[in-house]
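So for the sequence shown, our numbering puts the first residue at 24; every next one is plus one.
Working notes, structure below.
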Amino acid sequence: MAANSSPRTQAKTQAKTETHPATRSAREWVSTLAEYRDPNTLRSSIELAISLLPFLALWALAWWALSVSYVLAFALSILNAAFLLRLFAIQHDCGHGAYYKNRQLSDWIGRGLGVLTLTPYDVWRRTHSVHHSTAGNLDKRGMGDVHTLTVAEYNALSRWGRLHYRLYRHPVTLFGLGPSYLFYLQNRLPIGLMNSARYWISAMLTNLAIIAALGAIYWFGGLMPLLLIFVPTTLVAATAGVWLFYVQHQFETTQWDMNENWNLHEAALHGSSYYRLPKLLQWFSANIGIHHVHHLYSRIPFYRLPDVLRDHAELAEEAYTMTIRESFANARLHLWDENSKRLLSFAQARAL
Numbered sequence: 024m025a026a027n028s029s030p031r032t033q034a035k036t037q038a039k040t041e042t043h044p045a046t047r048s049a050r051e052w053v054s055t056l057a058e059y060r061d062p063n064t065l066r067s068s069i070e071l072a073i074s075l076l077p078f079l080a081l082w083a084l085a086w087w088a089l090s091v092s093y094v095l096a097f098a099l100s101i102l103n104a105a106f107l108l109r110l111f112a113i114q115h116d117c118g119h120g121a122y123y124k125n126r127q128l129s130d131w132i133g134r135g136l137g138v139l140t141l142t143p144y145d146v147w148r149r150t151h152s153v154h155h156s157t158a159g160n161l162d163k164r165g166m167g168d169v170h171t172l173t174v175a176e177y178n179a180l181s182r183w184g185r186l187h188y189r190l191y192r193h194p195v196t197l198f199g200l201g202p203s204y205l206f207y208l209q210n211r212l213p214i215g216l217m218n219s220a221r222y223w224i225s226a227m228l229t230n231l232a233i234i235a236a237l238g239a240i241y242w243f244g245g246l247m248p249l250l251l252i253f254v255p256t257t258l259v260a261a262t263a264g265v266w267l268f269y270v271q272h273q274f275e276t277t278q279w280d281m282n283e284n285w286n287l288h289e290a291a292l293h294g295s296s297y298y299r300l301p302k303l304l305q306w307f308s309a310n311i312g313i314h315h316v317h318h319l320y321s322r323i324p325f326y327r328l329p330d331v332l333r334d335h336a337e338l339a340e341e342a343y344t345m346t347i348r349e350s351f352a353n354a355r356l357h358l359w360d361e362n363s364k365r366l367l368s369f370a371q372a373r374a375l
């Protein structure tokens, strides 16, 4: 390991090596994980029900609360963001064909949930598939990922280019402005897939459904349900989702390689983190923190991911593990150093 790695990273790497030395390659894990891929129709339906019904109930309760207290309505909308996040995770599993054995059923549920999550399902399914097939590949950046430059690429930029990248990677941009831009604006068009009629149809039909729903809310309730329920719920859920996506791949010892050295399974296992969340947050995020397992085998339903770690404890130690407190440090990492194979802060990169 590079001598200037953080003490926490050095300690974690040493402990992982001593406690669970690697016994098989990332590719060898795939056949083991295949045993967990079959969804249970009843379980999937129950998980959908206990996510969707409380979401709708809290929406209705918050609407009623507007007649009592705007503060109460706002608080309920913030709480409801957790259920919307979980619905997005279910939509995510539908996109991977992991939720129901019937792919058409999964797709139509995903499309319906996409109206609630402001995400055109078919567009997202395609871009997310690209993310899975190219994660960690320096030659195939640009779709479904957080824009990341190497130290050499950053140093080659003009002063304006460096400023632009610094502004983009600033936490205020990524987690303040980014979620609203992504879900309110960018998702309205099939960005990256503009030449395909199929994805235009997906985006436009989703937009029409969203407009119809928002129009009905305004017709029956005026502006306040939109301002105090719709916006807080969707914005908080979007922010949480962006944060989860960020920490799952943007950490010090993540894995990036040029195409000739890149390996799909190694990038999945070592370029994805294991985000140890408290049980309640793990439930609301649908176990997506077990991200290294998900990337190794995306067909595993979210409710079976804990089973994998229960049955194969050594796999829990294979990935970079972090707690919520530890994850905040990742927001200060910006540039990939191809020499030390680490994600660095701007200050660390400047000191090279």
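Ideal placement from N, C-alpha and C gives every residue a C-beta, glycine not left out.
Keep in mind it's a predicted model, so treat the numbers as computed, not measured.
1) Assuming the contact rule is C-beta atoms closer than 8 Å, alanine 121 and proline 62 should be a hit. Round their C-beta distance to whole Å, please.
2) How far does the alpha helix (DSSP H) with tyrosine 297 in it reach, from first residue to last?
3) Please determine, among His288, His314 and Leu65, the residue with the shortest C-alpha to C-alpha distance to serine 295.
4) Pairs of beta-carbons, one from the stretch 276-296 and one from the stretch 205-222, closer than 8 Å: are there three or more?
5) Applying the 10 Å Cβ sphere with the 16-neighbour rule, what's the burial state of valine 146?
6) Going by DSSP, name the residue or residues bridged to asparagine 160.
7) With a threshold of 16 other CB atoms inside 10 Å of the CB of arginine 182, please say whether the residue is buried or exposed.
8) Take threonine 140 and list the residues in its own chain whose beta-carbon comes closer than 7 Å to its own, dropping the five residues that flank it on each side.
9) What is the DSSP secondary structure of isoleucine 313, counted as helix, strand or coil?
10) Counting only the same chain and skipping the five closest in sequence on each side, list residues whose C-beta sits under 7 Å from that of isoleucine 252.
11) Can you give me the Cβ contacts of serine 350 inside the same chain, cut-off strictly under 7 Å, excluding the 5 residues immediately before and after it?
12) The alpha helix (DSSP H) spanning threonine 55 covers which residue range?
13) Can you check DSSP and say which residues form a bridge with tyrosine 343?
14) Which same chain residues end up closer than 6 Å to lysine 39 when comparing Cβ atoms and leaving out the 5 residues on each side of it in sequence?
15) Could you work out which residue in Gly238, Tyr191 and Met345 is closest to leucine 300 when comparing CA atoms only?
16) If you draw a straight line from the alpha carbon of aspartate 130 to that of leucine 200, how long is it in whole angstroms?
17) Just tell me which of Ala175, Leu65 and Gly312 has its CA closest to the CA of lysine 124.
18) Whose CA, out of Ala374, Lys364, Arg365 and Leu358, lies closest to the CA of histidine 193?
19) DSSP state of tryptophan 86, grouped into three classes?
20) Does the contact criterion of 3 or more C-beta pairs under 8 Å hold for the stretch 356-371 versus the stretch 173-190?
21) Could you tell me the boundaries of the beta strand (DSSP E) in which leucine 367 lies?
22) Compute the Euclidean distance between the alpha carbons of glutamate 41 and alanine 336, then round it to the nearest angstrom.
23) Which whole-angstrom value is the C-beta distance of serine 203 and leucine 258, which I expect to be below 8 Å?
On the basis of the data shown:
1) 6 Å
2) No alpha helix (DSSP H) holds tyrosine 297; the beta strand (DSSP E) holding it covers 296-298.
3) His314
4) no
5) buried
6) Asp280
7) exposed
8) Leu107, Leu110, Phe111 and Gln114
9) strand
10) Trp82, Ala85, Trp86, Ala96 and Ser100
11) Val270 and Tyr298
12) 49-56
13) Ser296
14) Here lysine 39 scores only 49 on pLDDT, less than 50, and its place in the model should not be relied on; the value that follows carries that caveat. So the list reads Glu340, once near-sequence residues are dropped.
15) Met345
16) 30 Å
17) Leu65
18) Leu358
19) helix
20) yes
21) 365-367
22) Any reading at glutamate 41 needs caution, since the residue's pLDDT is 47, under 50, leaving its predicted position unreliable; the model's value is listed next. Approximately 14 Å, taken between the alpha carbons.
23) 6 Å
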